[in-house]
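Numbering (the working numbering), first residue to last: 1121 to 1286. We put the CB at the ideal spot given by N, CA and C, even for glycine. Bear in mind that the values here come from a model prediction, so they are computed numbers and not experimental data. Encoded as structure tokens, the structure appears first; notes follow it.
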């Protein structure tokens, strides 16, 4: 298995992943198109995730699995409520992915508000993106909006708090 940092092609080269079937010839990264056919590349919509870093949650069973894992390991669960059509969500996606690689003491998940609409409503998600930080299933902090700098700042603050409590 090759270990490599995978970046969203949108961040590196504009929006070309959504415009051409394969971008591996113009990117210096390992992108969503690498080793995939055109249909698979297009279905990724330019977002690349390293398996094990950012976990998409599309079913309640997966949510239960991730919250149980976080609680059992004493980790913070960082939940990014997003929508596929949301431009600020797309803007922070590579930053969110980078944070997941940096803060391994946390578990990062994404939830599409259209796939789990009722669940998103239960968490009082009125706008996307909304990022919620959970410890032992309880909300520690929340960020509404696509301010990348604020997301980085809040994530660092939550990680620092976790370190001080250890």
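Residues bridged to residue i [DSSP beta-bridge criterion]
i            : result
residue 1197 : 1227 and 1254
residue 1202 : 1232
residue 1259 : 1254
residue 1264 : 1250
Cα-Cα separation, residue i to residue j
i            : j            : result
residue 1203 : residue 1179 : 15 angstroms
residue 1245 : residue 1206 : 14 angstroms
residue 1256 : residue 1208 : 28 angstroms
residue 1189 : residue 1175 : 12 angstroms
residue 1260 : residue 1270 : 15 angstroms
residue 1220 : residue 1232 : 18 angstroms
residue 1154 : residue 1284 : Reliability fails at residue 1154, whose pLDDT of 39 lies under 50, so the model's placement of it is uncertain and no value is given.
residue 1196 : residue 1280 : 11 angstroms
residue 1177 : residue 1201 : 10 angstroms
residue 1156 : residue 1185 : Its pLDDT being 37, under 50, residue 1156 is placed unreliably by the model, and the measurement read from it follows with that caveat. For residue 1156 and residue 1185, the distance between alpha carbons rounds to 29 angstroms.
residue 1239 : residue 1183 : 10 angstroms
residue 1258 : residue 1215 : 24 angstroms
Span of the beta strand (DSSP E) around residue i
i            : result
residue 1176 : 1174-1177
Residue i - containing alpha helix (DSSP H), residue span
i            : result
residue 1221 : 1207-1222
residue 1240 : 1237-1242
Proximity winner among the options, relative to residue i (alpha-carbon distances)
i            : options                   : result
residue 1181 : 1255, 1269, 1236 and 1279 : 1236
residue 1228 : 1251, 1280, 1192 and 1265 : 1251
residue 1213 : 1265, 1184 and 1286       : 1265
residue 1267 : 1253, 1249 and 1254       : 1249
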